[in-house]
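Protein chains: 2
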Amino acid sequence: MERRSFLKKAAFTGAVIGLSDNIVAATVNIRSSAKIKLRENDVVLFQGDSITDAGRDRKASTPNTSPMMGSGYVILAAGALLHQYADKRPTIYNKGISGNKVFQLNDRWDTDCINLKPNVLSILIGVNDFWHTKSSGYGGTAAVYEKDYRALLQRTVTALPGVQLIIGEPYAVKDVKAVDDSWFPAFDEYRAVARKLAVEFNAVFIPYQKVYEEARKHAPASYWTHDGVHASLAGAQLMARAWLQAFA
Amino acid sequence: MERRSFLKKAAFTGAVIGLSDNIVAATVNIRSSAKIKLRENDVVLFQGDSITDAGRDRKASTPNTSPMMGSGYVILAAGALLHQYADKRPTIYNKGISGNKVFQLNDRWDTDCINLKPNVLSILIGVNDFWHTKSSGYGGTAAVYEKDYRALLQRTVTALPGVQLIIGEPYAVKDVKAVDDSWFPAFDEYRAVARKLAVEFNAVFIPYQKVYEEARKHAPASYWTHDGVHASLAGAQLMARAWLQAFA
């Protein structure tokens, strides 16, 4: 296995990571100096909503085990990380909870993030901040999402100096069930907020919207997501591959 | 995505596939001409015992979905296959059942194999054929395993001419819980039977025992398997990567 130097920390500059490697040639800007360096015994935490939760057993408390990971992109990404970085003995948690919006992450952040002391924190949140304004009468806006998300990230880097951040782009795949024309361009504002915050907080940014748009050139959108929001198994792998490109 | 020619069928010669690509440099004989060619709309079926079952929802009947796959090597391998071969639209089933020995596969073979008309059939069976002689008073021997397994394979290729076979080596990782010195060399006979049958039936052979032995150079055996038989999430990825090397 390749040995890497962990002596110098990378300078993080809000890098945009390339698309899922097998499906598409990367077309977005990759700044490899800003990729995540996984170090010995690092704690990796996945946070988010149902896409991250993916039916995990919420009573499962043991990191690195399947029941904690659910059956979405997290189990696929975690499996790959545990294998590729076996020498580093990572400790991986999934604490995504279905239905969450950004303010709900904030409500449980001490227990489900800070206290776990992650060295690498991956967040994918935002689709419900928009979707629930349509489906459940939620009163938030993109501005509220931005304000709440920035406060959450500020709280995080204050409590966890040196944490390496991964921010996933909220995505919605048009013309699949739940996602119709009425989502756009309003939903694009939420995508832009996540991207802006990734730059502000020197996070690696995973452009899931583009990942899905490229993938539908190879198979219909419904092959990758059954409702436009939640990934199929094929879509979960698509996301996992894109996510893994965050690592050097 | 790379386009492959599916005009000529590969000559199968009981190839031995290399070890998990990320962990080790391949050291075993790889005959790439004998690898599996996945064709448009191929049906891929995973069969086996608890290692394959891995807690899948046995009521789940929809191929290519997470509930059917469980949380072991199958979900990781299936995700990768659905992604890598999206253009081919594979249909993937998992019908592994915990506790099965080879004669129990035979009992349910019409329903859980033949009727699904797989083009690619992956079988991992044998650890219980040995283990249950120690733990449950099962009276089988390696000779019975060989006889039953050969009959099952003969029945399969008769009913499904042209099926491409993958045979996984039964493995047991010593010094982890269930697996102690008393397993060897008796258990090695079962490994040898699987390898012999792979050659007889022109199957691709996945040498899981060697995959695990190489992996323990990178992390303790208990990192890869909690009891010496069932894979951890890291071990599941190890197996999935080795399995995926069966494909051209």
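Order-wise, the sequence lines are chains E and B. Position 217 of the first sequence, counting from 1, maps to 218 under the numbering used here, and the rest follow consecutively. Position 34 of the second sequence, counting from 1, maps to 35 under the numbering used here, and the rest follow consecutively. All residues carry an ideal CB built from backbone N, CA and C; glycine is no exception.
Am I right that residue i and residue j are in contact with their C-beta atoms under 8 Å? What's the rounded C-beta distance?
i, j, result
"Leu-39/B", "Pro-91/B", "6 Å"
"Trp-225/B", "Val-145/B", "Incorrect: roughly 29 Å between the Cβ atoms, too far for contact."
"Asp-259/B", "Val-103/B", "Coverage of chain B is limited to positions 2 through 249, which leaves residue 259/B absent and any answer about it impossible."
"Gly-56/E", "Ser-72/E", "5 Å"
"Val-128/B", "Val-194/B", "Contact flag wrong, Cβ pair sits at about 12 Å."
"Asp-228/E", "Ala-179/E", "5 Å"
"Phe-202/B", "Leu-153/B", "In fact, because the Cβ distance is near 10 Å, the residues do not count as touching under 8 Å."
"Ala-232/E", "Tyr-74/E", "6 Å"
Within 8 Å (strictly less), CB to CB, does residue i reach chain E?
i, result
"Val-234/B", "Inspection of the sequence shows that residue 234/B is occupied by Leu rather than by Val. Output row for Leu-234/B: interface = yes."
"Gly-141/B", "no"
"Ala-222/B", "no"
"Arg-242/B", "yes"
"Gln-238/B", "yes"
"Arg-40/B", "no"
"Gly-229/B", "no"
"Leu-77/B", "yes"
"Arg-5/B", "Here the model assigns Arg-5/B a pLDDT of 39, short of 50, so the residue's position is not dependable, and the following value carries that caveat. Chain E contact via Cβ: absent."
"Leu-125/B", "no"
"Leu-161/B", "no"
"Ala-87/B", "yes"
"Arg-59/B", "no"
"Ser-33/B", "For Ser-33/B, the pLDDT reaches just 39, beneath the cut-off of 50, and the residue's location in the model is therefore unreliable, leaving the point undetermined."
"Leu-117/B", "no"
"Ser-72/B", "yes"
"Lys-36/B", "no"
"Asn-30/B", "A caution first: Asn-30/B carries a pLDDT of 38, below 50, which makes its placement in the model too unreliable to give a value."
What are the start and end residues of the alpha helix (DSSP H) that includes residue i?
i, result
"Phe-188/E", "187-201"
"Leu-154/E", "143-160"
"Ala-222/B", "222-225"
Where does the unbroken beta strand (DSSP E) through residue i begin, and where does it stop?
i, result
"Leu-236/B", "The question names Leu, yet the displayed sequence has Gly at residue 236/B. No beta strand (DSSP E) holds Gly-236/B; the alpha helix (DSSP H) holding it covers 234-245."
"Ile-52/B", "That residue, Ile-52/B, is in no beta strand (DSSP E); its alpha helix (DSSP H) goes 51-54."
"Val-205/B", "205-207"
"Leu-39/E", "That residue, Leu-39/E, is in no beta strand (DSSP E); it is neither H nor E in DSSP."
"Gly-169/E", "165-169"
Flag residue i as yes if its beta-carbon sits less than 8 Å from any beta-carbon of chain B, otherwise no.
i, result
"Asn-95/E", "no"
"Asn-23/E", "Note that Asn-23/E has pLDDT 42, beneath the 50 cutoff, so the model's placement of it is unreliable and no number is given."
"Asn-65/E", "yes"
"Ala-27/E", "Reliability of the predicted coordinates at Ala-27/E is poor, the pLDDT of 36 falling under 50, and no value is obtained from them."
"Ser-136/E", "no"
"Ser-51/E", "no"
"Gly-80/E", "yes"
"Ser-62/E", "no"
"Ser-99/E", "no"
"Leu-83/E", "yes"
"Arg-90/E", "yes"
"Gln-246/E", "no"
"Gly-219/E", "With the sequence shown as reference, residue 219/E is identified as His, and Gly is not the correct amino acid for it. Yes, His-219/E lies at the interface with chain B (some Cβ there is under 8 Å from its Cβ)."
"Ala-249/E", "no"
Mind checking if residue i is an interface residue toward chain D, Cβ cutoff 8 Å exclusive?
i, result
"Asp-54/B", "In the displayed structure, chain D is absent; the protein chains listed are E and B."
At 3 residues or longer, and completely inside the region 63-137 of chain B: list those beta strand (DSSP E) runs for me, N to C. 92-95 and 121-125
Counting Cβ pairs closer than 8 Å, one from the region 200-211 of chain B and one from the region 240-248 of chain E, do we hit at least three? no
At least three beta-carbon pairs within less than 8 Å, the region 115-132 of chain B to the region 157-167 of chain B: yes
Does the region 142-156 of chain B come into contact with the region 61-72 of chain B, if we say contact requires no fewer than three beta-carbon pairs (one atom in each stretch) closer than 8 Å? no
Tell me, please, whether the region 40-60 of chain E touches the region 176-195 of chain B by the rule of three or more beta-carbon pairs shorter than 8 Å. no
Three CB pairs or more closer than 8 Å across the region 231-243 of chain E and the region 96-114 of chain B: With the cut-off at 8 Å, the region 231-243 of chain E and the region 96-114 of chain B do not touch.
Tell me whether the region 78-98 of chain E and the region 82-100 of chain B touch, counting them as touching only if at least three CB pairs, one residue from each stretch, are closer than 8 Å. Too few Cβ pairs lie closer than 8 Å, so no.
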